[in-house]
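Q: Quick note on this note's numbering: the sequence shown kicks off at 78 and runs consecutively. Built from N, CA and C at the ideal position, the CB exists for glycine as well.
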Amino acid sequence: MVIRPLPYTLLIFLLAIAISYGCQTTYYAVWEKLGKEKRHLLKDHVEKARTEQEKASEEIKDALTRVKEIYGFDGGDLEEFYNKLQSDYESCEKRADAVSERIDMVEQIAEDLFREWDQEINDMANEKFKSKSRESLKMTKRRYARLHDAMTRAESRMAPVLTQLRDYVLYLKHNLNAQAIGALKQEAGDIEIEVETLIRDMGQSIKEADTFLESFE
């Protein structure tokens with residue numbers, strides 16, 4: 078009987094199960110069979126986190142555009158406006174969760190990679206090689222620290238924006254009338270400031286990701 082290798086999609090599915098149940102050893106072992114070591118996985122997940130943050134920035138910009146429509150709202154379909162804003166909020170919330178999940182994966186893989194790297198340096202006998210490897214590890218950790226700070230700072234900016242969007246949605250849900258629009262107009266400036274700060278920090282995080290990816294071998 079011929080034993081065929083598992084389809085690639087099935088392998089990816091099994092990897093997802095392994096990581097969701099905290100089976101890091103299994104996760105890394107399977108990827109190594111596929112030719113990817115921890116450093117490759119770290120680059121992959123930094124790229125994915127970067128992409129998620131780009132998408133989050135765009136969706137939050139879209140939500141802000143929707144909020145700004147309040148300024149020109151004059152007797153239109155308030156129910157329709159509410160439904161669109163609710164949809165924008167739900168999309169942003171899901172995207173924020175995806176960003177956090179990506180960052181969690183980056184953190185886990187980076188921690189495991191650096192631990193393995195340090196252990197392997199200790200196993201080396203050649204002092205010259207050890208010194209160069211230790212310096213390389215130190216530089217990589219430094220670049221990663223800048224990336225991590227930027228990613229988590231941008232991530233933390235999402236919560237205040239989501240909170241304000243949720244408040245807008247719930248307030249409209251409870252008060253589908255002209256008075257509700259008037260009240261939201263008075264508050265719209267606050268969320269604009271929060272979104273501008275978020276977009277700025279997202280941009281910095283994306284820039285740090287690009288720098289890290291360019292320099293990380």
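Assuming contact is defined by CB atoms lying nearer than 7 Å, are GLU285 and ALA231 in contact in what I supplied?
A: One-based indexing of the sequence shown puts residue 285 at position 208. One-based indexing of the sequence shown puts residue 231 at position 154. The answer is no: Cβ separation not under 7 Å.
Q: Can you list, in chain order, the residues of its chain whose CB lies under 7 Å from that of LYS221, leaving out five sequence neighbours each side?
A: What you label residue 221 is simply residue 144 of the sequence shown in a count that begins at 1. The sequence shown places Tyr at residue 221, rather than the Lys named in the question. Same-chain partners within the cutoff: ALA187 and PHE289.
Q: Secondary structure at LYS113, three-state DSSP: helix, strand or coil?
A: Locating residue 113 in the sequence shown gives position 36, where the first residue counts as 1. DSSP places LYS113 outside both helix and strand once states are collapsed to three, so it counts as coil.
Q: Please report the straight-line C-alpha distance between TYR104 and TYR245, rounded to a whole angstrom.
A: Position 27 of the sequence shown holds residue 104. Position 168 of the sequence shown holds residue 245. Cα to Cα, the separation comes out at about 42 Å.
Q: If the criterion is Cβ atoms closer than 7 Å, does the pair VAL183 and ALA126 meet it?
A: Stepping through the sequence shown from its first residue, residue 183 is reached at position 106. Stepping through the sequence shown from its first residue, residue 126 is reached at position 49. Cβ atoms of VAL183 and ALA126: closer than 7 Å.
Q: Drop a sphere of 10 angstroms on the beta-carbon of HIS251, count the other beta-carbons inside from all chains shown, and report buried for 16 or more, exposed for fewer.
A: Taking the sequence shown and counting its residues from 1, the one referred to as residue 251 is at position 174. Exposed is the label assigned to HIS251, since fewer than 16 other Cβ atoms lie within 10 Å of its Cβ.
Q: Do you know how far the Cα of GLU291 is from the Cα of PHE150?
A: By one-based count along the sequence shown, residue 150 stands at place 73. By one-based count along the sequence shown, residue 291 stands at place 214. Rounded to whole angstroms, PHE150 to GLU291 spans 46 Å at the Cα level.
Q: Could you give the first and the last residue of the continuous alpha helix (DSSP H) run that contains ASN199?
A: Locating residue 199 in the sequence shown gives position 122, counting from the first residue. Element bounds for ASN199: 155-200.
Q: Below 8 Å on the Cβ atoms is my contact criterion, and I expect GLU178 with LYS115 to pass it. Report the Cβ-Cβ distance as a whole number of Å.
A: For this step, residue 178 is matched to residue 101 along the sequence shown. For this step, residue 115 is matched to residue 38 along the sequence shown. Their Cβ separation, rounded to whole angstroms, is 19 Å, which puts GLU178 and LYS115 out of contact at 8 Å.
Q: Using C-beta distances below 6 Å, list every residue in its chain close to ILE198, excluding the 5 sequence neighbours before and after it, in chain order.
A: On the sequence shown, residue 198 is found 121 positions in, with the first residue counted as 1. Cβ within range, chain order: LYS207, SER210 and ARG211.
Q: Over the uninterrupted alpha helix (DSSP H) stretch that includes ASP278, give me the two end residues.
A: Walking along the sequence shown from the start, residue 278 turns up at place 201. Per DSSP, ASP278 belongs to the alpha helix (DSSP H) from 255-292.
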